[in-house]
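A.B. asks: Attaching a single structure in structure tokens format; questions to follow.
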Amino acid sequence: MAEGFDEHDRAPELASSLADFLARHPNTLVLTGAGLSTASGIPDYRDRDGVRRGTLPIQGPEFRRSPAVQRRYWARSMIGWPVLAQARPNAGHAALAMLEAGGHIGALLTQNVDGLHQRAGSQAVLELHGNIHAVLCLDCGTRVTRSSVQEQLLRANPHVANAAAQPLPDGDAQVEPEFLDDFRLPVCGQCSGTLMPDVVFFGDNVPATRTASALAQMAAADALLVVGSSLMVFSGFRFCRLAAEAGKPIAAVNLGRTRADHMIALKIEASAERLLPPVAALLRDASPMLAPPEFIHERGIF
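Position in the sequence shown counted from 1, then plus 39, gives you my numbering.
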């Protein structure tokens with residue numbers, strides 16, 4: 040059942056529908072995607088029909104074997120990183136943190152790598168695809184912050200620092216090829232080895248231990264809520280399939296179609312930052328366990 044969001048006429052009704060769903064399934068597993076972070080200024084990957092925008096992303100195997108691909112990635116990331124670094128949690132992130140604090144949702148899985156759930160106050164977060172704010176050395180395993188790598192990139196490539204480019208998802212940017220000819224790669228400060236963001240690139244698999252933890256959370260949950268994901272990538276869609284096979288109800292808050300539309304019992308076509316705060320407010324008012332409104336204001340979300 041898909042329902043559209045009309046802020047003037049149907050907002051209370053739709054918020055109530057989702058609040059009722061969560062009240063009946065307090066151990067709901069929440070799966071979030073790029074659509075949740077668009078209100079924070081981070082572009083998403085797909086349009087409302089689930090069709091990918093732009094060119095294909097860099098593939099993990101290509102990155103590891105090709106210095107040319109590494110230059111392309113880091114040049115694009117150097118320009119696109121400030122958009123991601125300056126992003127702040129939006130009201131949707133804050134509402135999910137509030138729901139968790141009150142015991143109205145269970146664990147939270149995210150396909151996003153932006154770290155905004157943690158900044159909003161969520162505690163039980165499993166990042167399926169890693170976190171873009173960390174960088175690993177492929178040679179010695181040293182782990183450093185992405186912000187420190189940005190400083191190295193700016194020192195080594197001042198000619199790229201002020202380049203204008205269209206921002207892309209996850210700190211990427213559309214960069215013209217001429218920037219790449221003399222681009223200097225960042226290197227590990229310990230061994231001068233190859234640096235790679237600590238994220239699951241396209242073409243790579245989610246680490247086995249992380250997958251096992253996520254599957255265990257789905258098995259323990261009594262329902263699934265999808266927020267801001269088209270579910271076109273299998274690592275997210277698999278949880279809908281598992282929920283459906285186990286007879287667990289699925290709800291979704293997403294603008295546009297998803298790969299699992301035929302499995303979803305309650306679908307609300309709305310932006311998460313508009314729908315989730317009134318849902319959290321309804322459940323807060325119904326339960327003294329839920330955190331008070333100051334929980335959100337303390338974090339500077341509004």
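Backbone N, C-alpha and C define an ideal beta-carbon position, used for all residues, glycine too.
Using the beta-carbon count (16 or more within 10 Å), is Ala146 buried or exposed?
C.D. replies: As a working mapping, residue 146 is identified with position 107 in the sequence shown. Buried is the call here.
A.B. asks: Less than 9 angstroms between the C-beta atoms of Val245 and Leu234, yes or no?
C.D. replies: If you number the sequence shown from 1, residue 245 lands on position 206. If you number the sequence shown from 1, residue 234 lands on position 195. Taking 9 angstroms as the Cβ cut-off, Val245 and Leu234 do not qualify as a contacting pair.
A.B. asks: Tell me whether the region 296-315 and the region 118-135 touch, counting them as touching only if at least three CB pairs, one residue from each stretch, are closer than 8 angstroms.
C.D. replies: Output reads yes: the region 118-135 touches the region 296-315.
A.B. asks: Alpha carbon to alpha carbon, how far is Leu68 from Trp113?
C.D. replies: Locating residue 68 in the sequence shown gives position 29, where the first residue counts as 1. Locating residue 113 in the sequence shown gives position 74, where the first residue counts as 1. About 35 angstroms.
A.B. asks: Given this structure, state the Cα-to-Cα distance separating Leu263 from Asp153, to the nearest angstrom.
C.D. replies: Mapped onto the sequence shown, residue 263 falls at position 224. Mapped onto the sequence shown, residue 153 falls at position 114. Roughly 22 angstroms between the two C-alpha positions.
A.B. asks: Return the CA-CA distance between Pro82 and Leu135, expressed in angstroms with no decimal places.
C.D. replies: Your numbering for residue 82 matches position 43 in the sequence shown. Your numbering for residue 135 matches position 96 in the sequence shown. The straight-line gap from Cα to Cα measures roughly 20 angstroms.
A.B. asks: Would you mind stating whether Ala173 and Val183 have Cβ atoms separated by less than 9 angstroms?
C.D. replies: Residue 173 sits at position 134 when you count from the first residue of the sequence shown. Residue 183 sits at position 144 when you count from the first residue of the sequence shown. Going by C-beta atoms, Ala173 is nearer than 9 angstroms to Val183.
A.B. asks: Since Ala283 contacts Asn66 with CB under 8 angstroms, what's their CB separation in whole angstroms?
C.D. replies: For this step, residue 283 is matched to residue 244 along the sequence shown. For this step, residue 66 is matched to residue 27 along the sequence shown. Contact doesn't hold; Cβ gap of about 17 angstroms is too wide.
A.B. asks: Would you decide whether Gly210 is buried or exposed? Buried here means 16 or more other CB atoms lie within 10 Å of its CB.
C.D. replies: Against the sequence shown, residue 210 aligns to sequence position 171. For Gly210, the predicted model reports a pLDDT of 49, less than 50, meaning its position is unreliable; a value from the coordinates is still stated below. So Gly210 counts as buried.
A.B. asks: Ser56 to Asp221, Cα distance in whole Å?
C.D. replies: In the sequence shown, residue 56 corresponds to position 17, counting from 1. In the sequence shown, residue 221 corresponds to position 182, counting from 1. In a straight line, the C-alpha of Ser56 is about 56 angstroms away from that of Asp221.
A.B. asks: Keeping to the same chain, check which residues put their C-beta closer than 8 angstroms to that of Phe44; ignore five residues upstream and five downstream.
C.D. replies: Residue numbering aside, residue 44 sits at position 5 when the sequence shown is read from its first letter. Reliability of the predicted coordinates at Phe44 is poor, the pLDDT of 49 falling under 50, and no value is obtained from them.
A.B. asks: DSSP on Gln229, reduced to helix/strand/coil?
C.D. replies: As a working mapping, residue 229 is identified with position 190 in the sequence shown. Gln229: coil per DSSP, three-state reduction.
A.B. asks: Where do the N-terminal and C-terminal ends of the beta strand (DSSP E) with Leu234 fall, by residue?
C.D. replies: Translated into the one-based positions of the sequence shown, residue 234 becomes position 195. Leu234 to Val238 is the extent of the beta strand (DSSP E) around Leu234.
A.B. asks: Can you name, in chain order, every residue of its own chain whose Cβ lies under 8 angstroms from the Cβ of Asp88, other than the five neighbours on each side?
C.D. replies: Residue numbering aside, residue 88 sits at position 49 when the sequence shown is read from its first letter. Annotation note: pLDDT 49 at Asp88 (below 50); position unreliable, no value reported.
A.B. asks: Please list, in chain order, all residues of the same chain as Ala78 whose beta carbon is under 7 angstroms from its beta carbon, the five residues on each side excluded.
C.D. replies: What you label residue 78 is simply residue 39 of the sequence shown in a count that begins at 1. Asn129, Gly131, Ser310 and Glu312.
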